[in-house]
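Written below as structure tokens is the structure these notes are about.
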Amino acid sequence: MSTIARTWALVVKDARSELRTRYAMNALVMFVITSVATILFAMREDQASPELLAGMYWVVVFFSSMSGLSRIFVSEEEKGTALALQLIASPTVVYVGKLLFNCGLTLLLTLAVTVLYLIVFPGFVVASLDIFAVTWLLGSLGLASAATIIAAIIARANTRGTLYPVLSFPVLIPLLMTVMRSTIRALAGEPFENALGEFQVLFSYLLVMTGGSYLLFEHVWKD
Amino acid sequence: MDGRDHSMNGIRLQVTDLRRDFNRRPVFQGISFTLDSPASLAVTGLNGAGKSTLVKVLAGVIGPTAGTVAYQRAGVPIEIDTLRHELGFVSPYLNLYDEFSAEENLRLLSRIRSGNEPASATIERRMQQVNLWNRRHDDVGTFSSGMKQRLKYAFALLHEPAVLMLDEPTSNLDAEGIAVVEAIVAEQKERGLLVVATNDESEAAWCTARVHLSGSGGNKR
Amino acid sequence: MRIVKVLSIILITFVLIAGIAIPLSPAPQGLFEFPIIPGLEDKARNIFYHVPIAWTTVLAFLVSMWYGYRYLRTRSIDDDLKSVSSAGLGFMLCILATVTGSLWAKFNWGSFWNWDPRETSIFVLLLIYGAYFALRSALASDEARARLSAVYAIIAGLTVPFFIFVLPRMVAGLHPGAKGDVDGSGPVLEFKMAPNMRVVFFSSLIGFTLFYIWLLTLRIRAARLEHHVADQHS
Chain D
57 MSTIARTWAL VVKDARSELR TRYAMNALVM FVITSVATIL FAMREDQASP
107 ELLAGMYWVV VFFSSMSGLS RIFVSEEEKG TALALQLIAS PTVVYVGKLL
157 FNCGLTLLLT LAVTVLYLIV FPGFVVASLD IFAVTWLLGS LGLASAATII
207 AAIIARANTR GTLYPVLSFP VLIPLLMTVM RSTIRALAGE PFENALGEFQ
257 VLFSYLLVMT GGSYLLFEHV WKD
Chain C
48 MDGRDHSMNG IRLQVTDLRR DFNRRPVFQG ISFTLDSPAS LAVTGLNGAG
98 KSTLVKVLAG VIGPTAGTVA YQRAGVPIEI DTLRHELGFV SPYLNLYDEF
148 SAEENLRLLS RIRSGNEPAS ATIERRMQQV NLWNRRHDDV GTFSSGMKQR
198 LKYAFALLHE PAVLMLDEPT SNLDAEGIAV VEAIVAEQKE RGLLVVATND
248 ESEAAWCTAR VHLSGSGGNK R
Chain B
-12 MRIVKVLSII LITFVLIAGI AIPLSPAPQG LFEFPIIPGL EDKARNIFYH
38 VPIAWTTVLA FLVSMWYGYR YLRTRSIDDD LKSVSSAGLG FMLCILATVT
88 GSLWAKFNWG SFWNWDPRET SIFVLLLIYG AYFALRSALA SDEARARLSA
138 VYAIIAGLTV PFFIFVLPRM VAGLHPGAKG DVDGSGPVLE FKMAPNMRVV
188 FFSSLIGFTL FYIWLLTLRI RAARLEHHVA DQHS
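Chains as they are written, first to last, in this note's numbering: chain D, 57 to 279; chain C, 48 to 268; chain B, -12 to 221.
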């Protein structure tokens, strides 16, 4: 179907552009490294409990996302290329394409933070791999979904940098609270069934956010 | 859709009582006209009168505050998504991607527009027409403003659009570039719909019909 | 409209007096004595104020969302005007709800803030209101401001059910009706309220709602006049 081809073409365009300019990736990498380093310095020899580690994990992920996930729309506005996209692509193509890109970026981000945490913090042991894997998947996709629609909203505003976390945080709180609980379960080695409640919440969050964004996107994108 | 096959004839643009507000005040209002291809329309008015806004509304980029913009072919309405395949647009506000080469821009954006790339022969022909073929591998970020303007024309014409909209058609162009534009305009006038937004009288004279925006929210035909 | 104003004044006055003045007694007789609720005693009076205000701030947000949706449909700036008027009221009510809740928490549970799910949700609503106004002030044109803040209000509104229904069930909390609360079941309505307390409570609920409606119509009128004056001068 043509829409699928067009959407994929947009993802390819954004991916190639990102690889060339490294606009978001640089910000993400630097942010993750500096925040983890700061946490390490603050902790020194102290061992952090699994609760604390889970919390810090998602704090790092949240703020890193805030530094990198808005690029997808903000760069189009800053470079003045938004008009070209408005002319050639339907809002559906733009929304799905940008969402897919951000999903990929977020999955990579959370994976990278996970690897870093496993290396750096001895207390961060993923005892229940199944819980952690599902948490990683649903949490990252839910985060990307909310972050994408908010990015589209603030791209047209004046003070984009500070506005992005201010608008994103309240919307993301249900996700963050839930995802921290299931991460704690994963670190504590609990059985998979214990996390089913959280997974239901994460899944419905993902559906609600994505569905709502899809329906509203045209109003954000088209003047 | 391979972008080359559709008939350019019989496309109609019908505008009824069009109005667009900015900060609750009308930029223009009461705009009505009908264009049946082949036809050409000049949108004139001083800077700030709303010409660019009107052209964007006609192209479906901005929605009207009131009134309608309707395209049809042989009585069948053309949905805005189909219109994208039939519309070419050049404007000072349009920018292509600096980080890609000229040819990459054309290929990638064409794929976003229609799901596939145009034939290489088509790309070569259009780029030759605007004298950019030998710069096709250079990043657009290195282009002069005149070159960027010419590339916009190549992109606008790549899919043989039935409707061509030009906002400030010759901005940043030298005499050679202007000649290219005049040839494009002459061709489009006979084959489809042409809309030109300009405050240059000689450019407005390319077109047979005219809409004048007086800048205080009114218009006269 | 006059009925709304008069009724709201009567009801709220009644609630202010009855809520505070009616004494507690271990064996309540008749209409003018409240039962003592173990653990709460006099602090229970806050229920007449805190809960209706919390309810009204959520109502204000829903109204704001509704008119935001209407704006997206009609593109009439009047709908946006209604949306922002309700949001402004909701913001103030939310601050009141947070403060009354926090005071109650201090007297009941020992500290001003505990991150109990309901406390968190009123805080989140506060953040949403703040974000809504921050967004509006960062946008240049009336149309963009109306359009984008309407979308944000709806998106943020989509997360509200998660707070009201899902999280309190999941996370043990201090409020009645949260997981781990053996005695209380569901929200406040099944709280151990005697019939006369219910009268006062529902009067307060209705009274505050009517008061909100009154203030909302005032704000909308004022905003319309402002627009009118601004349009004359331009």
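Backbone N, C-alpha and C fix where the C-beta goes; we use that ideal spot for every residue, glycine too.
Below-7 Å beta-carbon distance, residue i vs any chain C residue
i	result
Asp129(B)	yes
Ile207(B)	no
Ile64(B)	yes
Ile144(D)	yes
Thr204(D)	no
Ala61(D)	yes
Asp279(D)	yes
Ser131(D)	no
C-beta contact flag for residue i and residue j at 7 Å
i	j	result
Val(-9)(B)	Ile207(B)	no
Arg67(C)	Val104(C)	yes
Tyr270(D)	Gly198(D)	no
Gly268(D)	Val235(D)	no
Ala200(D)	Asn158(D)	yes
Pro297(C)	Leu134(C)	With chain C represented from 48 up to 268, any question about residue 297(C) goes unanswered, as that position is not in the structure.
Ile109(B)	Leu80(B)	no
Asn152(C)	Val177(C)	no
Arg173(C)	Ala201(C)	yes
Ala208(D)	Leu141(C)	no
Ser146(D)	Val116(D)	no
Thr85(B)	Leu113(B)	yes
Status (buried if at least 16 other CB within 10 Å, exposed otherwise) for residue i
i	result
Trp277(D)	buried
His215(B)	exposed
Asn214(D)	exposed
Met86(D)	exposed
Phe177(D)	buried
Pro226(D)	buried
Gly107(C)	buried
Ala96(C)	buried
Arg185(B)	exposed
Phe195(B)	buried
Trp253(C)	buried
Ser73(B)	buried
Trp114(D)	buried
Thr61(B)	exposed
Straight-line Cα distance separating residue j from residue i
i	j	result
Glu254(D)	Ala80(D)	30 Å
Lys236(C)	Ala131(B)	36 Å
Ala251(D)	Ser238(D)	6 Å
Gly57(C)	Tyr118(C)	10 Å
Asp65(B)	Leu59(B)	12 Å
Gly144(B)	Gly245(D)	35 Å
Phe248(D)	Leu258(D)	15 Å
Leu193(D)	Phe69(C)	43 Å
Asp129(B)	Ser63(B)	11 Å
Ser84(C)	Phe190(C)	35 Å
Val242(C)	Phe80(C)	12 Å
Tyr139(B)	Thr266(D)	14 Å
Leu275(B)	Leu90(B)	Nothing in the structure corresponds to residue 275(B), since chain B is present only between -12 and 221.
Ser123(D)	Ala256(C)	50 Å
Thr204(D)	Thr146(B)	15 Å
Beta carbon proximity, residue i to chain B, threshold 7 Å
i	result
Pro147(D)	no
Phe69(C)	yes
Leu252(D)	no
Val276(D)	yes
Asn214(D)	yes
Val222(D)	yes
Gly111(D)	no
Proximity test, Cβ basis, 7 Å: residue i and chain D
i	result
Arg134(B)	yes
Asn178(C)	no
Gly108(C)	Looking at the sequence shown, residue 108(C) is not Gly but Val. Closer than 7 Å: yes.
Leu197(B)	no
Ile34(B)	no
Tyr56(B)	no
Asp128(C)	yes
Leu68(B)	no
What residue ranges within the region 112 to 148 of chain C form continuous alpha helix (DSSP H) runs of no fewer than 4 residues, ordered along the chain?
Runs of the alpha helix (DSSP H) inside the region 112 to 148 of chain C: 127 to 133.
Any chance you could list the alpha helix (DSSP H) runs of at least 4 consecutive residues sitting entirely within the region 158 to 187 of chain C, in chain order?
DSSP runs (the alpha helix (DSSP H)) wholly in the region 158 to 187 of chain C: 167 to 176.
Entirely enclosed alpha helix (DSSP H) segments - the region 191 to 225 of chain D, minimum 4 residues:
Runs found: none.
Identify every run of the beta strand (DSSP E) within the region 195 to 236 of chain C, keeping only runs that are complete inside it and at least 3 residues long; order them along the chain.
The qualifying runs are 210 to 214.
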